[in-house]
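Okay, so the sequence shown: first residue is 3 according to the working numbering, each after it adds one. Backbone N, C-alpha and C define an ideal beta-carbon position, used for all residues, glycine too. Below is one structure, written out as structure tokens; the observations come after it.
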Amino acid sequence: MAEQRALRIAIVGAGMSGICMGVKLQDAGLDDFLIYEAADEVGGTWRDNTYPGLTCDVPSRFYSYSFRPNPEWSHVYSPGSEIQSYFRQVATERGILSRIRFGTPVESARYEQGRWMVTTADGDERFDVLITATGVLRVPRYPAIPGLQTFAGPCFHSARWDHSVSLAGKRIGLIGTGSTGVQIAAELGGKVRGLTVFQRTPQWVFPTPNPRYSRLTTVLLRRWPALCRIGYRFWQNVFEGIPARAVVEPGWQRRIMVTLCRVNLRLSVRDLELRRKLTPGYHPMCKRQVFAGHYYRALQKPGVQVVTEAIDNVDATGVVTADGVHHELDVLVLATGFDAHAYVHPMTVVGERGLTLEEAWAEGPHAYRSVAVPGFPNMFMLIGPHSPIGNQSLVIIAETQAEYVLRWLDHLRSGQVVAVEPTDSATKEYNEDIKAALPQTVWVTGCNSWYLGKDGLPELFPWRPGRHRELLSGPELAHFEVHTAER
Ligand code: N01
Numbered sequence: 003m004a005e006q007r008a009l010r011i012a013i014v015g016a017g018m019s020g021i022c023m024g025v026k027l028q029d030a031g032l033d034d035f036l037i038y039e040a041a042d043e044v045g046g047t048w049r050d051n052t053y054p055g056l057t058c059d060v061p062s063r064f065y066s067y068s069f070r071p072n073p074e075w076s077h078v079y080s081p082g083s084e085i086q087s088y089f090r091q092v093a094t095e096r097g098i099l100s101r102i103r104f105g106t107p108v109e110s111a112r113y114e115q116g117r118w119m120v121t122t123a124d125g126d127e128r129f130d131v132l133i134t135a136t137g138v139l140r141v142p143r144y145p146a147i148p149g150l151q152t153f154a155g156p157c158f159h160s161a162r163w164d165h166s167v168s169l170a171g172k173r174i175g176l177i178g179t180g181s182t183g184v185q186i187a188a189e190l191g192g193k194v195r196g197l198t199v200f201q202r203t204p205q206w207v208f209p210t211p212n213p214r215y216s217r218l219t220t221v222l223l224r225r226w227p228a229l230c231r232i233g234y235r236f237w238q239n240v241f242e243g244i245p246a247r248a249v250v251e252p253g254w255q256r257r258i259m260v261t262l263c264r265v266n267l268r269l270s271v272r273d274l275e276l277r278r279k280l281t282p283g284y285h286p287m288c289k290r291q292v293f294a295g296h297y298y299r300a301l302q303k304p305g306v307q308v309v310t311e312a313i314d315n316v317d318a319t320g321v322v323t324a325d326g327v328h329h330e331l332d333v334l335v336l337a338t339g340f341d342a343h344a345y346v347h348p349m350t351v352v353g354e355r356g357l358t359l360e361e362a363w364a365e366g367p368h369a370y371r372s373v374a375v376p377g378f379p380n381m382f383m384l385i386g387p388h389s390p391i392g393n394q395s396l397v398i399i400a401e402t403q404a405e406y407v408l409r410w411l412d413h414l415r416s417g418q419v420v421a422v423e424p425t426d427s428a429t430k431e432y433n434e435d436i437k438a439a440l441p442q443t444v445w446v447t448g449c450n451s452w453y454l455g456k457d458g459l460p461e462l463f464p465w466r467p468g469r470h471r472e473l474l475s476g477p478e479l480a481h482f483e484v485h486t487a488e489r
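So this is what it looks like as structure tokens:
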């Protein structure tokens, strides 16, 4: 057997997808890899988000690595802290922690003389392959509200929750009613002295009860792990069969989702004035669909009010709305979302002939099948542009992409192939196919959302999740420039 080329691999990010990639590399016998992590802990979004009420709105049995079922999930939709512990546990038991260089943000990665030079505050290191695993919703978006800095009480973003601030007996102002704002309101409503929810755009809410798993269930799953796999497949079929289909094609799935959202609002909110305030003027699922159990109930608890007047400014003691009303507050929470287009930001990535990723993406982020970009040889992205991220388990997506990367690494380590990158034409064609499919999706039915890119089009995968797996089932050599040793 021909001798294999030793590959040195850099992964950027030790969140869910970076850990996944590390495990897969290790299992494939590719042991020479290093994971750079800016923070001092693994977990990415699950490390950063610790707000009250945080759960994952994808069922935990499915929001798990397929290679590491977890009988211990407490709920159908388990709390964020459990999810964070799960990822940490996988990283620990698979020996990934020792591969991570914590507290080391990557400043830049440059492709020079056939290798990637990764620069951090500690200096430069060279790798054969660069894999970015930097997540999607990582960079908090702060609202540009006049006077926000003058607020005298604690004021923080939902992804930077300040747990030193006691909420007992306080009047909380909550700006934002996306998936995050809804979860916070559902948790705090009725439990604090006052909760004022500043809603700019109402959300459709899909009714989502969240039962606890019984002790017996956990015991049975521990005893027969195959049951976990059945649970995984069950929730995969439900999620991929209904919401993930509903968003990309018209049909009964879409009608069911729409009906249940409308019925939920009608049955849960009897007060006509409140119902009017909470009724969106756009199609359900156009924005990322919110799944929640107690939101409407929480909004109707004593001390909770929904303010729909636009925010004019913030002063030392509260929020002033456009109707001139001053809302007195002790704590201000900004559930105002993330820069969903930041990708590897603020890291600079420079490919062949000095081309930066920023330049390559001047018209907006795009990639070949969500994983690779022309002009950036031997660079792969996990959860890259147009990944199927709307109301889906990102875990299965990262796994699919990691498996695909492994297939290319097999070529690279065979020794005959030195570098690979997708061709411009294959990437262009793929992105044109995406554009052609977008009109079928619910995301273009007329709403504003973080899904939309610079060109006003959703940066999402417009087909069923199974198509993503098909597209990444193996390298299509004709779509790549394959640089061989002789070149
Ligand atoms: O952020 P968002 P999010 N004045 O961008 C409002 C994931 N997630 O953190 O709709 C007033 O959705 C803004 O108003 P509008 C999930 O993918 C997952 O809630 O733009 N309001 C909106 O209401 C989710 O989609 C889980 O008019 C302002 C809100 O802030 C994604 O994270 C749980 C404003 C931002 O909503 C982001 O959700 C939670 C301003 N100046 C989150 N600026 C899971 O369970 C913004 N807003 C997996």
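Check                                                                                                                        : Outcome
Residue from Ala161, Leu176, Cys157 whose Cα sits closest to the Cα of Val167                                                : Cys157
Proximity of Thr106 and Ala40 at Cβ, strictly below 8 Å                                                                      : yes
Inter-residue spacing [alpha-carbon to alpha-carbon] between Met381 and Thr134                                               : 8 Å
Whole-Å CB distance - Gly116 paired with Val420, under 8 Å assumed                                                           : 6 Å
Backbone CA spacing between Tyr38 and Arg471 [nearest angstrom]                                                              : 27 Å
Bridge partners - Asp317, DSSP secondary structure assignment                                                                : Gly320
Limits of the unbroken alpha helix (DSSP H) element including Trp410                                                         : 396-415
Glu275 in three-state terms, based on DSSP                                                                                   : helix
Same chain only: Cβ atoms within 6 Å of Gly295, ignoring 5 sequence neighbours per side                                      : Thr210, Pro211, Asn212
Cut-off 7 Å between Cβ atoms - residues of its own chain near Asn433, not counting five sequence neighbours on either side   : His368
Distance CB(Gly155)-CB(Asp332) smaller than 8 Å                                                                              : yes
Identified DSSP bridge partners for Arg128                                                                                   : Met119
Rounded separation between Ser451 and Gly183 - CA only                                                                       : 15 Å
Spatial neighbours of Val322 in its chain, beta-carbon cut-off 6 Å, leaving aside the 5 residues before and after            : Asp314, Asn315, His328
Reduced DSSP category for Arg489 - H, G, I as helix; E, B as strand; rest coil                                               : The predicted position of Arg489 is uncertain, since its pLDDT is 47 and thus under 50; a value taken from the coordinates is nonetheless stated next. DSSP places Arg489 in coil when its eight states are reduced to three.
Beta-carbon contacts of Arg489 that lie in its chain and below 6 Å, excluding the five residues immediately before and after : Any answer about Arg489 is weak, because its pLDDT of 47 lies below 50 and its placement is not dependable; what the coordinates show is given next. Hits under 6 Å: none found.
The stretch 81-96 / the stretch 43-52 touching (three or more Cβ pairs under 8 Å)                                            : yes
Simplified DSSP state of His388, which is helix, strand or coil                                                              : coil
Distance cut-off 7 Å: Cys157 Cβ against heavy atoms of the ligand N01                                                        : no
Proximal residues to Arg371 (C-beta, below 7 Å), its chain only, five neighbours per side dropped                            : Tyr432, Leu473, Leu474
Nearest to Arg96 (by Cα), restricted to the options Asp164, Ala428, Gly24, Glu109                                            : Gly24
Whole-angstrom C-beta distance between Leu9 and Asp29, which should lie under 8 Å                                            : Contact doesn't hold; Cβ gap of about 15 Å is too wide.
Nearest candidate by alpha-carbon position, reference Asp126, set Val141, Glu109, Val138, Thr136                             : Glu109
Arg140 Cβ short of 7 Å to the ligand N01 heavy atom set                                                                      : no
Among Ala248, Tyr297, Glu478, Met383, nearest to Pro204 - alpha-carbon criterion                                             : Tyr297
Endpoints, the beta strand (DSSP E) within which Ile177 is located                                                           : 173-177
Cα-Cα separation, Met259 to Tyr234                                                                                           : 22 Å
Contact test: Ala490 Cβ vs the ligand N01 heavy atom, cutoff 7 Å                                                             : Nothing in the structure corresponds to residue 490, since the chain is present only between 3 and 489.
Residue from Arg469, Ile102, Val78 with nearest C-alpha to Val44                                                             : Ile102
One or two residues paired with Arg103 in a DSSP bridge                                                                      : Tyr38
Local Cβ density within 10 Å of Trp206, reported as buried at 16 or more and exposed below that                              : buried
C-alpha distance - Asp412 paired with Val375, whole-angstrom precision                                                       : 19 Å
C-beta atoms of Thr310 and Gln185 nearer than 8 Å                                                                            : no
Backbone CA spacing between Ile147 and Gly417 [nearest angstrom]                                                             : 56 Å
Distance CB(Leu218)-CB(Pro73) smaller than 8 Å                                                                               : no
Check: Ser62 C-beta below 7 Å from any heavy atom of the ligand N01                                                          : no
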